[in-house]
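Following the numbering used here, the numbering of the sequence shown begins with 5 at its first residue and continues without gaps. Every residue, glycine too, gets a C-beta built ideally from N, C-alpha and C. Predicted, not measured: the structure shown is a model, and the values here were computed from it. This report concerns only the one structure given below.
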Amino acid sequence: MATADIYHEPQQLMRCGVHAANNLLQRRAFEAGDFDALCTELCPSTWRNPHRGLLGNYDIEVLSLALLRQGCAVTYFDVRKPLAALPLETCVGLICNVPQSSFLGLWQSRHWFCIREVHNTFYNLDSKLAAPEPFQEAASVRAYLAASLATHPSTTILVVTRTTPLP
């Protein structure tokens, strides 16, 4: 399968939540302004919105609400469970959140990225990658996540499922 057939947004600023959602949905469903509006909806009367970082890093509440409005449900995967319990064959995909150091390691932030199956192949659709990276099989996805958890025990794995049929 040519990666040209796969929708993959590259990283812009700290908009990884927007990119992860769009990469999961395989289309440009959201822009930063859409996520900003969701932040305001979630917390309308504050000067500094707690759902968005100063540079645009959005939290799980915004990402979950955005995907819910696209007919998807987001549930946390308990990373204490074996990764074999991940329902890769029945979910839309995974959205992961990992810690990362920023600018000379002066502060810690977090990064959202998506893993999903497209045309019977699983792909890492991380917006920081130049192109989608295929996994050989579902076991390779689990091995990748196990390595991520070993390096970053605070990695969050979200399982995304459909709540309504695709449009």
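**Report entry** residue 97 - DSSP class collapsed to helix/strand/coil
**Finding:** In the sequence shown, the residue the question calls residue 97 occupies position 93. Residue 97: strand per DSSP, three-state reduction.
Query raised in the report: So does residue 32 have its beta carbon nearer than 8 Å to some heavy atom of the ligand ZN?
Result: Ligands are entirely absent from the displayed structure, and the ligand ZN is therefore not among its contents.
Query raised in the report: Out of curiosity, what's the CA-to-CA distance linking residue 69 and residue 42?
Result: The residue labelled residue 69 in the question sits at position 65 within the sequence shown. The residue labelled residue 42 in the question sits at position 38 within the sequence shown. Cα to Cα, residue 69 sits roughly 8 Å from residue 42.
Query - alpha helix (DSSP H) segment containing residue 24, residue limits - result: Mapped onto the sequence shown, residue 24 falls at position 20. Residues 20-29.
Query - Collapsed DSSP secondary structure at residue 148 in the structure displayed - result: One-based indexing of the sequence shown puts residue 148 at position 144. Helix at residue 148.
**Report entry** Exposure label - residue 124; buried when at least 16 CB within 10 Å
**Finding:** Sequence index remark: in the sequence shown, residue 124 carries index 120 (1-based). By the neighbour-count criterion, in which 16 or more other beta carbons inside 10 Å mark a residue as buried, residue 124 falls on the exposed side.
Requested in this report: Using 10 angstroms around the beta-carbon of residue 14, count the other beta-carbons present and answer buried if the total reaches 16, otherwise exposed.
Outcome: Within the sequence shown, numbered from 1, the residue matching residue 14 stands at position 10. Flag for residue 14 reads exposed.
Query raised in the report: For residue 104, which option in 156, 38 and 31 has the closest C-alpha, if you only look at C-alpha atoms?
Result: If you number the sequence shown from 1, residue 104 lands on position 100. The residue with the shortest Cα to Cα distance from residue 104 is 156.
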